[in-house]
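Visitor:
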Amino acid sequence: MAAKRKSRRAFGRIRKLPSGRFQARYPGPDGVLRAADQTFATTTDADRWLARKRIEMEEGRWLDPAEGRTTVHDWSARWLTAVSPQLKHKTQASYRSLINSLIVPALGDRELSSLRPITIVEWVGAMKTRGLSASRIRQAYRVLSQIMRAAVDNEMIGQTPCRGVKLPRMPQTEPHILTPLEASRIVRSATKPHDLLISLLAYTGLRVGEAFALRRADIDVSGGLVLVDENLAEANGTLVFDTPKSHQKRVLRIGPSLAARIGRHLETLPNGEDTLLFVTPGGKPLRYNQWRKAYFDPAVAAAGLTDVTPHDLRASHGTWVADRYGVMTAAHRLGHSNASVTTRHYARPVIGRDEQVAEAADSWLSGHEDDDDGSTAVPART
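Right, dumping it as structure tokens:
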């Protein structure tokens, strides 16, 4: 009787190794024969592995193992080069700093496919143990998460390890909301022309970098308009002019008295549309820390106030506008594309408003209160 011929395997190959274990190999979509990343105790186990690999390719889920062996160091460098043209200069510098100081030293030699959520949890825990701030840790995690998501999108790994990771909570800090009178006291206490700069922060809601970047061409004195189309930022000690945050350019209307003050200030400046409104005594662009120490903080102290930052003026402006003219108007003034950002970070309840609402509600109940526009309110139902 003739011996039964052994059937040829439909997909892949299996061979027995000198160790007694079995190696599985299979052809990828490119025809290259690849070995499994593990050996098997039996041919049945190897067959099952090959069957799963075949299904992955048929369903389009197969990933080239060689891609996953790319290191975090190499992939993060390639990723940053690719995304940099779309980033603001300050963001580029921040990402590069986080990658070089926190991501690569800890994970740079690891292969992408070797990272697991526990790896990231341990990395976050190590940064916390070193005493890094919650803000710094969260920034580093967000950058690594973007890097890993890009690896998934480019089919280098099946899923990101940045999932299910508990990050340290940010301390809750509330801005110091000033009254318009308190802001006015700071303005009157500042030296010229920095009183005008502080006025712009308080009464237009400009970011500090936006105010530092204002030029003669951005001001329409007769029309009472300010064009906000540039921001001055400091990245690793270097000053960089860029578009405003989130690239939100806007035109703001200012009152006649502020426009007149700006007009008088322009008369003292050199000619040229690109002339900056505010510079150092040596004619250089302003740097935030130096300006605050030399001009802003002394004005705050002279006004009899404490714990006030330049950013508080922006938050105060947002609160005043939102309280009287609505959140959407405040969002436009502050340059927010989404009003939820305004309510979450800037607009705050004005002290005393709750009592006023209670009094108004009581009068609404009686049906005798007039609306703000002078029309009679609808009497309450009984």
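In UniProt numbering, the protein residues as written are 1 to 382. Glycine included, every Cβ here is placed at the ideal spot set by N, Cα and C.
1) Tell me whether the beta-carbon of ILE137 lies closer than 8 Å to the beta-carbon of VAL300.
2) Taking all protein chains shown into account, do 16 or more other C-beta atoms lie within 10 angstroms of the C-beta of ILE118, making it buried, or fewer, making it exposed?
3) Relative to the alpha-carbon of GLN38, which residue among ARG48, LEU112, HIS336 has its alpha-carbon at the smallest distance?
4) Mind checking who GLN23 pairs with in its DSSP beta bridge?
5) Would you check if there are 3 or more beta carbon pairs closer than 8 Å linking the region 94-114 to the region 68-84?
6) Who are the Cβ neighbours of PRO285 in its own chain at under 7 Å, not counting the five residues just before and after it?
7) DSSP three-state label for GLU273, please.
8) If you draw a straight line from the alpha carbon of ASP30 to that of GLY12, how long is it in whole angstroms?
9) May I ask you to list the residues that DSSP assigns as paired with GLU111?
10) Which residues in the same chain as LEU200 place their Cβ atom closer than 6 Å to its Cβ, once the five residues preceding and following it in sequence are excluded?
11) My understanding is that VAL165 touches TYR203, with C-beta atoms under 8 Å, so please give their C-beta distance in whole angstroms.
12) Closest to ILE120 by CA distance: which of GLN139, SER133, SER97, LEU144 is it?
13) Give the straight-line distance between the Cα atoms of ARG25 and ALA41, rounded to the nearest whole angstrom.
14) Please report the Cβ distance between GLY261 and LEU196, rounded to the nearest whole angstrom; I am assuming they are in contact, meaning their Cβ atoms lie under 8 Å.
15) Need the endpoints of the alpha helix (DSSP H) that ASP297 sits in, please.
16) Among SER222, THR329, GLY131, LYS88, which one has its Cα closest to the Cα of ARG264?
17) How do the region 303-319 and the region 239-259 stand: do at least 3 beta-carbon pairs fall below 8 Å, yes or no?
Guide: Reading it off the structure:
1) Taking the sequence shown and counting its residues from 1, one reaches residue 137 at position 137. Taking the sequence shown and counting its residues from 1, one reaches residue 300 at position 300. No.
2) Stepping through the sequence shown from its first residue, residue 118 is reached at position 118. By the 10 Å Cβ count, ILE118 comes out exposed.
3) Within the sequence shown, residue 38 is the residue found at index 38, counting from 1. Among ARG48, LEU112, HIS336, the Cα nearest to that of GLN38 is on ARG48.
4) Counting from 1 along the sequence shown, the entry for residue 23 is found at position 23. Paired residues: ARG15.
5) yes
6) To locate residue 285, count along the sequence shown from 1; it is residue 285. Excluding sequence neighbours, PRO285 sits near PHE212, LEU232, LEU239, LEU276, VAL279.
7) Reading the sequence shown from its first residue, position 273 is the one you call residue 273. GLU273: coil per DSSP, three-state reduction.
8) By one-based count along the sequence shown, residue 30 stands at place 30. By one-based count along the sequence shown, residue 12 stands at place 12. Their backbone Cα atoms lie some 14 Å apart in a straight line.
9) Numbered from 1 along the sequence shown, position 111 holds the residue referred to as residue 111. Secondary-structure assignment with DSSP links GLU111 through a beta bridge to THR71.
10) Along the sequence shown, one-based indexing puts residue 200 at 200. LEU206, ALA211.
11) By 1-based counting over the sequence shown, the position of residue 165 is 165. By 1-based counting over the sequence shown, the position of residue 203 is 203. About 43 Å; that fails the 8 Å criterion.
12) Locating residue 120 in the sequence shown gives position 120, where the first residue counts as 1. Considering only alpha carbons, the answer is LEU144.
13) Reading the sequence shown from its first residue, position 25 is the one you call residue 25. Reading the sequence shown from its first residue, position 41 is the one you call residue 41. Cα-Cα distance, rounded: 15 Å.
14) Here residue 261 is taken as the residue at index 261 of the sequence shown, counted from 1. Here residue 196 is taken as the residue at index 196 of the sequence shown, counted from 1. Reading off the sequence shown, one finds Arg at residue 261, where the question assumed Gly. Distance from ARG261 to LEU196 at the Cβ level is roughly 6 Å; contact confirmed, criterion being Cβ atoms closer than 8 Å.
15) Position 297 of the sequence shown, counted from the start, is the residue given in the question as residue 297. 297-302 is the span of the alpha helix (DSSP H), which, as asked, contains ASP297.
16) Sequence index remark: in the sequence shown, residue 264 carries index 264 (1-based). ARG264 has its Cα closest to that of SER222, out of SER222, THR329, GLY131, LYS88.
17) no
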